[in-house]
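Below is one structure, written out as C-alpha cells, with a few remarks after it.
Number of protein chains: 2
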Amino acid sequence: MLKTKVSFAPSVRRLPQYLHIIRASLAAGDTYISGTVIAQELNLEPIQVRKDLAITGIIGKPKKGYPVPALVQAIERYLGWDQSHTALLVGAGNLGSALAGYPEFARHGLNFVAAFDTDPGKIGKQIHGVTIHDMAKLGELAGSLKACMAVLAVPSPNAQATADILVKAGIRAIWNFTNIKLKVDPEVVVQREDLSSGFAILSVMMNTRNTCGTKPGHAKED
Amino acid sequence: MLKTKVSFAPSVRRLPQYLHIIRASLAAGDTYISGTVIAQELNLEPIQVRKDLAITGIIGKPKKGYPVPALVQAIERYLGWDQSHTALLVGAGNLGSALAGYPEFARHGLNFVAAFDTDPGKIGKQIHGVTIHDMAKLGELAGSLKACMAVLAVPSPNAQATADILVKAGIRAIWNFTNIKLKVDPEVVVQREDLSSGFAILSVMMNTRNTCGTKPGHAKED
DNA sequence: TAGATTGTTAATCGATTAACAATC
DNA sequence: TAGATTGTTAATCGATTAACAATC
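As C-alpha cells, then:
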C-alpha cells in the first residue's frame, strides 16, 4: 500500500462537518454564511475554518462570508462527493448493514451494487435494497459488477484473504473496518476505520479526569 | 464540553494497534518483542513506536525489546482497559447492535448493562444478551443502573435531546456516533466518531490518484 | 565481544494560531 | 462611512523523525 497520505488530512476530515452545517444553512435559505458562524457551531477557531475552506477553492466576500450554494458545491466537488462510486459491501453483518443503510453515504456518492456474506441464511436476501451474494462468488462477481471500491466489514481473521480476492478482482479502493492492517498492492487505496482508537481516546480522557472513578490516583497529566 | 484534548492523541490512537500485535505475540509465546518488529508490521517508523510505548511507562531491554506480558499490561493500564466500565447502549439499530456485539470492546472493559430504543418491536428483546428498554424510560432507568458512560447511536435529529437526558441522568462520558456536535455540560467527556471524515479521506485519495476515474483531469496535488 | 535495540536529546516538519492589510 | 470578515504572511506549537550514546 503506497504511502498515499492526503495532504492536509486534518482539514479534509473537518470538511464533512462544515458541509453538514452549511447544508442546513442552505436549507434555511441563507445566501451567505461566515467562517465565524461555522466556527462557533463547531467550537473551532474562525481562522481554522477559513484556512480549511480555502483548500476547496471557494472565495468569500469580506463582511458577508461565503456564498452558501457555491460553498456546498465547492466542498462536494473537492471531496468527489458530487459523483457516484459503485461499491461492494463485503460482510453483511450488523456493521456492514449499518453502513449500507446510512443515508448520508448514499448522498455522498456511495452506491452499493452488491453485498457478500458467508451466512447461508442471508444469501439471496436483501439489505437496504442490495442483494446479498455468497462470499464464495465474490471473485467471479466482483469483476463483472465493475465496482471500483469495497467496504470491508468481515470478521478480522478473514480480512486479509478477502482483501486479496477483492484486489485480484480489480477493486482499487478499500474502506477497511477490520482491525487488520491490510497488505495490498501499492496501487490500491486503503482507508482504515479503527473504532478502537476512538475508544482509546475516550478511555484516557475518562482516566485523566476520573470520570468514572474506579482507579483512585491514576489521573495522569493535568 | 471542556476542551479535554488528550495530550499525545495521535500516540494514544496508535496504542490499540500495537496492543493487537503484542497480544498475538503473547499468544505465540514470545517473551520479548522489539519496536522494530511492531513498526514493520504496521508500516511505521521504529522510533515512533518506541516513543509511543514510552508514554505507557514500559521499559525495554536493549537488544531484546520489550517484555511481552508486561507490555500488554502497561498499555491496558494506561488506556484504562484493565477495568470495567458499565455502559448504556442508546439506539439499538444496526450500528448500535454492531458495537454492542463487538467482542473487542468487551475485552476492553466496555460492559453494556442496558439498551434503549423507540421501536416497540425491539423493546423487551435482547441484543447480545442486553435487554432493550423503551427510550422513554431512559431518564428514570439510567440513574438506577449506575452506568457511567453511554454509546450514542440514535438518528442524528434525536442526538442532542437524547444527550441532554443522559447527562441529566448522571452519565459522564458519551461515545457519540451521530454526526451532531453535542452541546453538553463541561464536566461531560465526549468522543465523537465521525465516519464521514474517514470517507472524505478515502474520497480525496481516490480523486488524487484517479482510482475510480470518473472525473478526468481532476487529480489535484501530487 | 559485536551488534541490535533502547531511550534521550536535538532537528525537522507540518498544522494551528496570530497579526493585519484589503475590502465589501 | 464604519466595521465585520476575508485571505495572506508570519509566528507558534506540537508531532514526527534523526542522531547517537548507553547497554544487554
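Going down the list, the sequences are from chains A and B. Heads up: the first sequence is residues 50 to 271, going by this note's numbering. Heads up: the second sequence is residues 50 to 271, going by this note's numbering. Where is the CB? At the ideal position from N, CA and C, for every residue including glycine.
Neighbour-count burial assignment, residue i, 16 or more Cβ in a 10 Å radius
{"i": "Glu-274(B)", "result": "No answer is possible for residue 274(B): the residues shown for chain B start at 50 and end at 271."}
{"i": "Ile-108(B)", "result": "exposed"}
{"i": "Pro-265(B)", "result": "Note that Pro-265(B) has pLDDT 46, beneath the 50 cutoff, so the model's placement of it is unreliable and no number is given."}
{"i": "Glu-270(B)", "result": "Below a pLDDT of 50, predicted positions are generally treated as unreliable, and Glu-270(B), at 38, falls in that range; the measurement from the model is reported next regardless. The residue in question, Glu-270(B), is exposed, as its Cβ has fewer than 16 Cβ neighbours within 10 Å."}
{"i": "Glu-189(A)", "result": "exposed"}
{"i": "Ile-30(B)", "result": "Coverage of chain B is limited to positions 50 through 271, which leaves residue 30(B) absent and any answer about it impossible."}
{"i": "Thr-260(A)", "result": "buried"}
{"i": "Ile-96(A)", "result": "exposed"}
{"i": "Gly-170(B)", "result": "exposed"}
{"i": "Leu-51(B)", "result": "Reliability fails at Leu-51(B), whose pLDDT of 46 lies under 50, so the model's placement of it is uncertain and no value is given."}
{"i": "Lys-232(A)", "result": "exposed"}
{"i": "Gly-78(B)", "result": "exposed"}
{"i": "Pro-65(A)", "result": "buried"}
{"i": "Glu-125(A)", "result": "buried"}
{"i": "Asn-256(B)", "result": "buried"}
{"i": "Ala-222(A)", "result": "buried"}
{"i": "Asp-101(A)", "result": "buried"}
{"i": "Ala-196(A)", "result": "buried"}
{"i": "Gly-247(B)", "result": "buried"}
{"i": "Thr-105(A)", "result": "buried"}
{"i": "Ala-73(A)", "result": "exposed"}
{"i": "Gln-240(B)", "result": "buried"}
{"i": "Asn-92(B)", "result": "exposed"}
{"i": "Leu-68(B)", "result": "buried"}
{"i": "Lys-113(A)", "result": "exposed"}
{"i": "Lys-54(A)", "result": "exposed"}
{"i": "Ala-212(B)", "result": "buried"}
{"i": "Gly-178(A)", "result": "exposed"}
{"i": "Ala-163(B)", "result": "buried"}
Limits of the unbroken beta strand (DSSP E) element including residue i
{"i": "Asn-160(B)", "result": "159-166"}
{"i": "Val-233(B)", "result": "Neither: Val-233(B) is in no beta strand (DSSP E) and is coded neither H nor E."}
{"i": "Val-179(A)", "result": "179-183"}
Beta bridge counterpart(s) of residue i as assigned by DSSP
{"i": "Asn-225(A)", "result": "Leu-201(A) and Arg-241(A)"}
{"i": "Ala-136(B)", "result": "Phe-161(B) and Met-198(B)"}
{"i": "Gln-97(A)", "result": "In DSSP, Gln-97(A) forms no bridge with anything."}
{"i": "Pro-116(B)", "result": "Tyr-81(B)"}
{"i": "Lys-217(B)", "result": "Paired residue(s): none; Lys-217(B) is not in a bridge."}
{"i": "Ile-124(A)", "result": "DSSP output for Ile-124(A) lists no bridge partner at all."}
{"i": "Ile-274(A)", "result": "Because chain A is modelled from 50 through 271, residue 274(A) falls outside the range shown and cannot be assessed."}
{"i": "Lys-110(B)", "result": "Gly-114(B)"}
Start-to-end residues for the alpha helix (DSSP H) that takes in residue i
{"i": "Ile-87(B)", "result": "84-91"}
{"i": "His-69(B)", "result": "58-76"}
{"i": "Val-55(A)", "result": "No alpha helix (DSSP H) holds Val-55(A); DSSP gives it neither H nor E."}
{"i": "Gly-145(B)", "result": "143-150"}
Anticipated Cβ contact below 8 Å, residue i with residue j, distance rounded
{"i": "Ile-250(B)", "j": "Ala-149(A)", "result": "Actually they are not in contact, since the Cβ atoms of Ile-250(B) and Ala-149(A) sit about 20 Å apart, beyond 8 Å."}
{"i": "Ser-252(A)", "j": "Leu-128(B)", "result": "5 Å"}
{"i": "Thr-227(A)", "j": "Val-203(A)", "result": "7 Å"}
{"i": "Leu-137(B)", "j": "Phe-165(B)", "result": "7 Å"}
{"i": "Leu-187(B)", "j": "Ile-214(B)", "result": "5 Å"}
{"i": "Ile-181(B)", "j": "Ala-147(B)", "result": "At roughly 15 Å, the Cβ-Cβ gap does not stay under 8 Å, so Ile-181(B) and Ala-147(B) are not in contact."}
{"i": "Val-117(A)", "j": "Ile-82(A)", "result": "5 Å"}
{"i": "Gly-158(A)", "j": "Trp-130(A)", "result": "5 Å"}
{"i": "Arg-62(B)", "j": "Gly-84(B)", "result": "Going by Cβ atoms, the distance from Arg-62(B) to Gly-84(B) rounds to 17 Å, so no, they are not a contact pair."}
{"i": "Met-254(A)", "j": "Val-216(B)", "result": "The Cβ separation is near 16 Å, so there is no contact."}
{"i": "Asn-143(B)", "j": "Asn-143(A)", "result": "5 Å"}
Near the ligand PLP: residue i beta-carbon under 7 Å from a heavy atom
{"i": "Leu-138(A)", "result": "Ligands displayed in this structure: none; no statement on the ligand PLP is therefore possible."}
Point to revise | Positions along the region 62-83 of chain B whose CB lies within less than 8 Å of some CB in chain A | key: Arg-62, Arg-63, Leu-64, Pro-65, Gln-66 and His-69
Practice item. Could you please tell me which residues of the region 98-132 of chain B, in chain order, have their CB closer than 7 Å to any CB of chain A? Key: Leu-128, Gly-129, Trp-130 and Gln-132
Exercise for review: Could you name the residues of the region 217-233 of chain A whose beta carbon sits closer than 7 Å to any beta carbon of chain B, in the order they occur along the chain?
Suggested key: When C-beta distances to chain B are compared with 7 Å, the residues of the region 217-233 of chain A below that value are Arg-221, Ala-222, Trp-224, Asn-228 and Lys-230, in chain order.
**Study point:** Short-range partners of chain B found in the region 140-157 of chain A, where Cβ spacing is below 8 Å
**Key:** Listed by position along the chain: Gly-142, Asn-143, Leu-144, Ser-146, Ala-147, Leu-148, Gly-150, Tyr-151, Glu-153, Phe-154 and His-157.
Review point. Of the residues that make up the region 247-258 of chain B, which ones have a beta carbon closer than 9 Å to any beta carbon in chain A?
Key: Gly-247, Phe-248, Ala-249, Ile-250, Leu-251, Ser-252, Val-253, Met-254, Met-255, Asn-256, Thr-257 and Arg-258
Exercise for review: Please name the residues in the region 175-192 of chain B whose beta-carbon is closer than 7 Å to at least one beta-carbon of chain A, in chain order.
Suggested key: none
Review point. According to a CB-to-CB cut-off of less than 9 Å, which residues of the region 235-247 of chain A neighbour chain B?
Key: Cβ contacts with chain B come from Glu-236, Val-237, Val-238, Val-239, Gln-240, Arg-241, Glu-242, Asp-243, Leu-244, Ser-245, Ser-246 and Gly-247.
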